[in-house]
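Going by my numbering, the sequence shown opens with residue 673, and the numbers climb by one from there.
Okay, so here's the structure we're looking at.
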Amino acid sequence: MPRRGRVESAKVGPSGRVPLGIADGSDPFTEFTLEHRASLVRLAYVITGDAYLAEDLVQGTLIKAYRFWDRVSAADSPRAYVRQILVREHLSWRRRMSSREVVHPEPTILVPPLVTQLPDHSAREEAWHLLATLPPKQRTVLALRYFDDLSDEDIATTMGVSAVTVRTNASRGLATLRARLQQTKDYI
673 MPRRGRVESA
683 KVGPSGRVPL
693 GIADGSDPFT
703 EFTLEHRASL
713 VRLAYVITGD
723 AYLAEDLVQG
733 TLIKAYRFWD
743 RVSAADSPRA
753 YVRQILVREH
763 LSWRRRMSSR
773 EVVHPEPTIL
783 VPPLVTQLPD
793 HSAREEAWHL
803 LATLPPKQRT
813 VLALRYFDDL
823 SDEDIATTMG
833 VSAVTVRTNA
843 SRGLATLRAR
853 LQQTKDYI
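Printed below as a string of structure tokens:
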């Protein structure tokens with residue numbers, strides 16, 4: 673793979689070599705990655721419910737985006753294009769794993785620091801726990817709608833489904849969350 677950027681102006685890393693693609697900051701893919709990686713990781717975390725899976729998902733997404741960078745950079749919104757890759761990679765991975773996956777009755781989920789502003793820690797933990805129990809498509813729709821502030825049409829484009837499917841998944845996901853929240857309150 674060819675190196676990008678100008679090597680002569682690059683900073684040399686601890687190994688004595690110039691990191692690939694980070695020679696002088698003029699590489700558009702590197703600039704894109706530096707600007708959007710954190711938000712992609714946060715979105716991936718909301719969708720997967722697992723910090724390590726989120727990192728893996730973003731890494732795979734960025735690898736795919738790099739391979740097709742000419743197409744990605746020519747899009748109206750490269751961020752939306754990469755977000756679409758991320759969501760589709762996640763749903764594709766879920767389909768592959770569904771035949772092998774063992775579902776645990778009590779999913780454990782770490783809470784990222786900047787995701788929510790619920791008043792206390794227990795309410796935040798409960799919200800994340802309930803969100804983690806939703807089916808992947810419902811969780812993805814709710815994450816894109818409430819975390820990434822996308823419209824139903826943008827979510828439909830990102831997921832490769834119709835806007836009606838988005839609204840259906842959102843409605844079912846919210847209804848499930850309400851019912852489970854009510855069950856939790858009745859239990860207490």
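C-beta atoms are modelled at their ideal positions from N, C-alpha and C, and glycine is treated no differently.
Pairing Ala747 with Tyr738 gives a Cβ-Cβ distance that is not under 9 Å.
Judged by DSSP secondary structure, Arg743 falls within the alpha helix (DSSP H) whose first and last residues are 741–746. Val836 and Val813 do not touch by the CB rule: their CB atoms are close to 12 Å apart, not below 8 Å.
DSSP places Asp699 in the coil class of the three-state scheme, outside both helix and strand. The three-state reading of DSSP puts Gly721 in coil, since its state is none of H, G, I, E or B.
Three or more Cβ pairs closer than 8 Å define a contact, and the stretch 794–808 meets that threshold against the stretch 840–850. The beta carbons of Leu729 and Glu703 sit about 21 Å from each other, so the pair does not count as a contact at 8 Å.
Within its own chain, the residues whose Cβ lies closer than 7 Å to the Cβ of Thr720, once the five positions on either side in sequence are excluded, are Ala726, Leu729, His762, listed in chain order. Spanning the alpha carbons of Arg817 and Thr705 requires a straight line of approximately 23 Å. Burial is judged here by how many other beta carbons sit within 10 angstroms of a residue's own beta carbon; Ala710 has fewer than 16 and is exposed. With 16 or more other CB atoms across the displayed protein chains lying within 10 angstroms of its CB, Thr733 is buried.
Assigned with DSSP and collapsed to three states, Ser823 falls in coil, not helix or strand. In the three-state DSSP reduction, Pro808 falls in the helix class (H, G or I). Thr830 places its beta carbon less than 9 Å from that of Arg755.
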